[in-house]
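J.: Before I ask anything, here is the structure I am working with.
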Amino acid sequence: MTDLSRRTTKLVADALAMESESAAEAGTLGYMARALVQATIPHSKTEGTTFIRTNGDYRLSISNEELGLPYGSIPRLLLAWLATEATRTKSREIILGSSLSEFMGHLDMVPTGGRKGTITMFKKQAARLFSSTIRCSYTSSERYAVKNIVVADEADIWWSPSSPGQHGLMDSTVKLSQPFYDEILNNPVPVDMRALQALRKSPMALDLYCWSTYRVSYLKGRAFIPWEGLQAQFGSSYPDTQRGKRNFKTKFVEALKKVALVYPGLNADPLPDGLELRPSRTHIPKTVVADD
1 MTDLSRRTTK LVADALAMES ESAAEAGTLG YMARALVQAT IPHSKTEGTT FIRTNGDYRL
61 SISNEELGLP YGSIPRLLLA WLATEATRTK SREIILGSSL SEFMGHLDMV PTGGRKGTIT
121 MFKKQAARLF SSTIRCSYTS SERYAVKNIV VADEADIWWS PSSPGQHGLM DSTVKLSQPF
181 YDEILNNPVP VDMRALQALR KSPMALDLYC WSTYRVSYLK GRAFIPWEGL QAQFGSSYPD
241 TQRGKRNFKT KFVEALKKVA LVYPGLNADP LPDGLELRPS RTHIPKTVVA DD
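For the sequence shown, the numbering used here begins at 1 and goes up steadily by one.
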């Protein structure tokens, strides 16, 4: 069996598990901050210190002059875990645990050593994320609004990369900034953490899953989003050339197929000129969120 076949089989198995047991029943109800669902961080390593994405009148920029920009699946999974813990505990102080392997287990990651191992990548991406500044702005003919956010005011990590199972002298903690904490609690987007874990190999699929369940939560009728708008939101790293546009569309459709496996209730179809969205049930039923 090829790697692609194995990943598809795993996605189908995860989808069946989600069908048979809801996120609330399984204890996998999670959240993402809405500001980071409407537009997101880079999918892959990006040169420079600032990255910008747009979604209509909404604009998100993330900057990190010291360590470089966070990218890929790890910071996305970390953001979801932090948002979920903040929502659950109603506290800015998030306890990560006493060992690196314990925490990576929360993200369904296996600790591996070496320069290209998951431990090195995780610590690098966590440091980049915690030290980044995010600016969210909304500009229209009638309104301008802006919010500057840092994810964490403080981070105190006691983990040893050479001994990931070793417990530190104290629990590792992160203190979320007040603006980020407020964004989570005031505008939470409910997700199934099993879906995020199933899609973690594809940053675009992670973004598309979170955005689609949020987008249909207020969708009243058919919506059409042209490929140019989707590329500005989900694929700013693709060049604005015919080849770049074709590559983005191909990657987007591939990601949509993966999302459809774990979120079969999503009514979304790629068309020649863009994506058609139709009213769908949110992946987490609204009644569950209201009762949580």
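All C-beta atoms in this analysis are idealised placements derived from N, C-alpha and C, irrespective of residue type, glycine included.
1) State yes or no: is the C-beta of Leu-129 within less than 8 Å of the C-beta of Pro-188?
2) Could you say which of Lys-116, Asn-186, Ala-126 lies nearest to Thr-87 if we only look at CA atoms?
3) When burial is assigned at 16 or more other CB atoms within 10 Å of the CB, is Asp-108 buried or exposed?
4) Is DSSP giving Val-191 helix, strand or coil here?
5) Identify whether Thr-112 lies in helix, strand or coil by the three-state DSSP scheme.
6) Using the Cα positions of Pro-42 and Glu-25, report the straight-line distance between them to the nearest angstrom.
7) Taking Ala-152 as part of the beta strand (DSSP E), name the residues at either end of that continuous run.
8) Per DSSP, which one or two residues make a beta bridge with Lys-251?
9) Measure how close the beta-carbons of Ser-141 and Asn-64 come, nearest whole angstrom, since I'm counting them as under 8 Å.
10) Check whether the region 251 to 258 touches the region 199 to 219, counting contact only when three or more Cβ pairs, one atom from each stretch, lie closer than 8 Å.
11) What do you reckon, are the CB atoms on Leu-82 and Val-174 nearer than 8 Å?
12) State the CB to CB distance for the pair Lys-46 and Ser-237, rounded to an integer number of angstroms; the pair is presumed to be in contact (CB under 8 Å).
13) Give a yes or no on contact between the region 219 to 231 and the region 267 to 278, applying the rule of three or more CB pairs nearer than 8 Å.
14) To which residues of the same chain is Leu-60 closer than 6 Å at the C-beta, ignoring the five residues directly before and after it?
15) Are the Cβ atoms of Leu-78 and Ala-126 separated by less than 8 Å?
16) Use the C-beta contact count for Ala-33: other C-beta atoms within 10 angstroms, 16 or more gives buried, fewer gives exposed.
17) Tell me which same chain residues have a C-beta within less than 7 Å of the C-beta of Gln-233, skipping the five on either side of it?
18) With which residues is Phe-51 paired in a DSSP beta bridge?
19) Hey, how far is the Cα of Ser-44 from the Cα of Met-121?
20) With distance defined between alpha-carbon atoms, name the residue in Lys-147, Ser-202, Arg-215, Gly-114 nearest to Leu-277.
21) Using the DSSP secondary-structure output, state which residues sit across from Pro-270 in a beta bridge.
22) Return the chain-ordered list of same chain residues with a C-beta closer than 6 Å to the C-beta of Ile-157, the five sequence neighbours on each side being excluded.
23) Using beta-carbon positions only, say whether Met-193 and Lys-251 come within less than 8 Å of one another.
24) Taking only three categories from DSSP, how would you classify Gly-30?
25) Ordered along the chain, which non-local residues of its own chain (more than five positions away) have a Cβ less than 6 Å from that of Asn-148?
T.: From the atom records:
1) Within the sequence shown, the letter at position 129 stands for residue 129. Within the sequence shown, the letter at position 188 stands for residue 188. Between Leu-129 and Pro-188, the CB-CB gap reaches or exceeds 8 Å.
2) Against the sequence shown, residue 87 aligns to sequence position 87. The shortest C-alpha separation from Thr-87 is found at Asn-186.
3) Looking up residue 108 in the sequence shown gives position 108. The Cβ neighbour count for Asp-108, taken over all protein chains shown within 10 Å, is under 16; the residue is labelled exposed.
4) Translated into the one-based positions of the sequence shown, residue 191 becomes position 191. Strand.
5) The residue given as residue 112 occupies position 112 in the sequence shown. Coil, per DSSP.
6) The residue you call residue 42 lines up with position 42 of the sequence shown. The residue you call residue 25 lines up with position 25 of the sequence shown. Their Cα atoms are separated by approximately 33 Å.
7) Taking the sequence shown and counting its residues from 1, the one referred to as residue 152 is at position 152. That run of the beta strand (DSSP E) goes 152 to 156.
8) Mapped onto the sequence shown, residue 251 falls at position 251. According to DSSP, Lys-251 bridges with nothing at all.
9) Reading the sequence shown from its first residue, position 141 is the one you call residue 141. Reading the sequence shown from its first residue, position 64 is the one you call residue 64. Between Ser-141 and Asn-64, the beta carbon gap of about 32 Å keeps them out of contact (Cβ cut-off 8 Å).
10) yes
11) Taking the sequence shown and counting its residues from 1, one reaches residue 82 at position 82. Taking the sequence shown and counting its residues from 1, one reaches residue 174 at position 174. Yes; because the gap between Cβ atoms is below 8 Å, this pair is in contact.
12) Sequence index remark: in the sequence shown, residue 46 carries index 46 (1-based). Sequence index remark: in the sequence shown, residue 237 carries index 237 (1-based). First, the residue type needs correcting, since residue 46 is Thr and not Lys in the sequence shown. Confirmed, about 6 Å.
13) Yes: at least three Cβ pairs fall under 8 Å.
14) Start at 1 with the first residue of the sequence shown, and residue 60 comes out as number 60. Here the set comprises Ala-39, Arg-53, Cys-136.
15) For the purposes of this step, residue 78 is taken as the residue at position 78 of the sequence shown. For the purposes of this step, residue 126 is taken as the residue at position 126 of the sequence shown. Yes, the Cβ-Cβ distance between Leu-78 and Ala-126 is below 8 Å.
16) Position 33 of the sequence shown holds residue 33. Buried, because 16 or more other Cβ atoms sit within 10 Å of the Cβ of Ala-33.
17) Looking up residue 233 in the sequence shown gives position 233. Here the set comprises Ala-39, Arg-53, Thr-54, Asn-55.
18) Counting from 1 along the sequence shown, the entry for residue 51 is found at position 51. DSSP lists Ile-62 as partners of Phe-51.
19) For the purposes of this step, residue 44 is taken as residue 44 along the sequence shown, with counting starting at 1. For the purposes of this step, residue 121 is taken as residue 121 along the sequence shown, with counting starting at 1. Ser-44 and Met-121: Cα-Cα distance of roughly 13 Å.
20) Sequence index remark: in the sequence shown, residue 277 carries index 277 (1-based). Ranking Lys-147, Ser-202, Arg-215, Gly-114 by Cα distance to Leu-277 puts Arg-215 first.
21) As a working note, residue 270 is residue 270 in the sequence shown. Note: Pro-270 sits in a beta bridge opposite Leu-275.
22) The sequence position of residue 157 within the sequence shown is 157, counting from 1. Cβ neighbours of Ile-157 beyond the five flanking positions: Ser-172.
23) Working through the sequence shown from its first residue, we reach residue 193 at position 193. Working through the sequence shown from its first residue, we reach residue 251 at position 251. Result no, Cβ atoms of Met-193 and Lys-251 do not sit closer than 8 Å.
24) Translated into positions along the sequence shown, residue 30 becomes position 30. Assigned with DSSP and collapsed to three states, Gly-30 falls in strand.
25) Indexing the sequence shown from 1 puts residue 148 at position 148. Same-chain partners within the cutoff: Arg-135.
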